[in-house]
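Residue numbers (the working numbering), protein chains in the order written: chain U, 74 to 184; chain Z, 15 to 124. The beta-carbon is built from N, C-alpha and C at its ideal position, and this holds for glycine as well. Computed from a prediction, not measured in an experiment: that's the story for all the values here. First up is the structure itself, then whatever we jot down about it.
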Amino acid sequence: DAGVTQSPTHLIKTRGQQVTLRCSPKSGHDTVSWYQQALGQGPQFIFQYYEEEERQRGNFPDRFSGHQFPNYSSELNVNALLLGDSALYLCASSLSGSEQFFGPGTRLTVL
Amino acid sequence: EDQVTQSPEALRLQEGESSSLNCSYTVSGLRGLFWYRQDPGKGPEFLFTLYSAGEEKEKERLKATLTKKESFLHITAPKPEDSATYLCANRVGGAQKLVFGQGTRLTINP
Chain U
74 DAGVTQSPTH LIKTRGQQVT LRCSPKSGHD TVSWYQQALG QGPQFIFQYY EEEERQRGNF
134 PDRFSGHQFP NYSSELNVNA LLLGDSALYL CASSLSGSEQ FFGPGTRLTV L
Chain Z
15 EDQVTQSPEA LRLQEGESSS LNCSYTVSGL RGLFWYRQDP GKGPEFLFTL YSAGEEKEKE
75 RLKATLTKKE SFLHITAPKP EDSATYLCAN RVGGAQKLVF GQGTRLTINP
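The following block contains the structure:
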């Protein structure tokens, strides 16, 4: 079992650019959640996808958007990057109602 | 507002010195209290889920307990490899959103 995978591992962008992060869930899982983790802080919930629909959203601006594909994989898109978007972006997968398992994360640096 | 607070922020112990980490929460309708371990630069690793007051779960040197307002992660005779940040989170609402605390950074000195 490959577990949750994320790509890329690291990414460097400049302010104003757009970025797409990718996540493949653990085998058998149907729900994907995205979190942002700033240095020294706990993860903050961005949104959750289930059956290709955004099911719940945290307190993040519309610059943050996502998508879930029929194979349950997911993308996180961030437009008009700001310096404050620099963080570790975590994807977690679960089977509805069960524990969330996290991937290794994507480290985004905005210059 | 739902809130999770962990204490202490950092804890340094000698190998073999047992201690406890605290997680307090203010939330209506708790639907699970979760503990994760996170190594630097990596994603959180799932440890335990607790659902009701009085519940306890154990894994190797770790034991998690839950009351109506707080959870404790007890670490018995820790080893240097137990050094990590320990995160707790609760699940709220009808979906599976997790609300995390800021974590406790645990260091075990040999």
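Here the C-alpha atom of U:S138 lies approximately 35 Å from the C-alpha atom of Z:S66. CA-CA distance, U:Q109 to U:L161, rounds to 6 Å. Residues of the region 105 to 118 of chain U that bring their beta carbon within less than 9 Å of a beta carbon in chain Z comprise S106, Y108, Q110, G113, Q114, G115, P116, Q117, F118, in sequence order. Runs of the beta strand (DSSP E) lying entirely within the region 37 to 76 of chain Z and spanning at least 3 residues, in chain order: 47 to 52, 59 to 64, 70 to 73. Along the region 104 to 124 of chain Z, going in chain order, the ones with a CB nearer than 9 Å to a CB of chain U are R105, G107, G108, A109, Q110, K111, L112, V113, F114, G115, Q116, G117, R119. When the Cα atoms are used, Z:N123 and U:R128 turn out to be separated by approximately 44 Å. In the structure shown, U:L156 adopts helical secondary structure according to DSSP, grouped into three states. Counting only the Cα atoms, U:P116 lies some 17 Å from U:T82. Excluding residues up to 5 positions away in sequence, H88 lie with their Cβ nearer than 6 Å to the Cβ of Z:K77 in the same chain.
Excluding sequence positions up to five before and after Z:S97, its CB lies within less than 8 Å of the CB of L120, T121, I122, all in the same chain and listed in chain order.
At a C-beta separation below 8 Å, U:F174 has these neighbours in chain Z: F60. A residue is called buried when at least 16 other Cβ atoms come within 10 angstroms of its Cβ; U:P134 does not meet this threshold and is exposed.
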